[in-house]
Amino acid sequence: MAAPTRSTQAILRRITDTKHANLYTREGVRVMRAVVDQHRAEMASSGLSTHQLFRLAQGVQPSADFKPDPVVGEGPHPPHPEHPIKSVSQAKRILEHLSGQRIIAMSKFKRVTETPAASSSSKHASASDAEAPAANTHTVYAWRWLQELPRDPPPAPAPKRLPYGWQVGVGEDRSHLNKRRQRARGPKIRAAVMQWKTEVKPQWLQEAREKAERRTQATA
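Here the numbering used here is used: position 91 in the sequence shown is 371, and no number is missing along the way.
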């Protein structure tokens, strides 16, 4: 049987790489999703390129169940065959898969790069102007986070301070009463507050102290 030609070997290698890519997809998606979730704030503000996300993905360890396929045949081989995302092209396919799920999208971002300013031939140019670097703005395409970023829960409202005598009706809403009942309710509440201060409150405090003493004796 004749040995396979170079073109046949290339076709077989592409078929093998496609099968390997399908086997790597599930774990590769999990790894890339972990990277995207970790850097979503940066992706939402300035974006990350495919190469940047690929390099970040190489720092994520695969799960214990992941078993890479052995590298067979002649090269060229993927740069990281032992990893679920073994090449930049596979990272791009996974990112396109996440883009189809409306998790990320390719967008335009403005980037600023500083370059040394060219020496000016003008006699009036100052030394500081000649040495200052020039800032250039250019447009790049990068992956942007689409979903809403998690927000910190709103702070809990401060507890409302109740007025003295709220137990007997101080501070209650009396707008549902007619004028006559509103005028009559005031003296009744004042009398109830005086009774609370002189009779009910001391008795309530005494009962609270006795209850605390009983708890202390029970735990002793």
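Here a beta-carbon is modelled for each residue, glycine too, at the ideal position from N, C-alpha and C.
- In the structure shown, Arg495 falls within a helical segment according to DSSP collapsed to helix, strand and coil.
- Your pair Trp484 and Met323 does not check out as a contact, with CB atoms roughly 59 angstroms apart and the cut at 8 angstroms.
- In the displayed model, Arg441 falls within coil according to three-state DSSP, outside both helix and strand.
- Between the segment 361-374 and the segment 450-468 there are fewer than three C-beta pairs closer than 8 angstroms, too few to call the two in contact.
- Under the DSSP assignment, Pro467 falls in the alpha helix (DSSP H) whose first and last residues are Lys459 to Gln475.
- A straight line joining the alpha-carbon of Ser367 with that of Asp432 spans about 37 angstroms.
- When DSSP states are grouped into helix, strand and coil, Phe346 belongs to the coil group.
- In its chain, beyond the 5 residues on either side, Gly327, Leu328, Ser329 and Phe389 have a beta carbon closer than 6 angstroms to the beta carbon of Ala422.
- Annotation for Lys372: the continuous alpha helix (DSSP H) segment containing it runs Val368 to Gly380.
- Ala385 has Arg424 as its beta-bridge partners, per DSSP.
- Around Pro342, the same chain offers Glu307 and Pro364 as residues with beta carbons nearer than 6 angstroms, after the five sequence neighbours per side are excluded.
- Arg320 counts as buried, since no fewer than 16 other beta carbons sit within 10 angstroms of its beta carbon.
- In this structure, the straight-line span from the alpha carbon of Ala471 to that of Lys491 is close to 29 angstroms.
- Looking at the backbone, the Cα of Arg465 and that of Arg489 are separated by about 33 angstroms.
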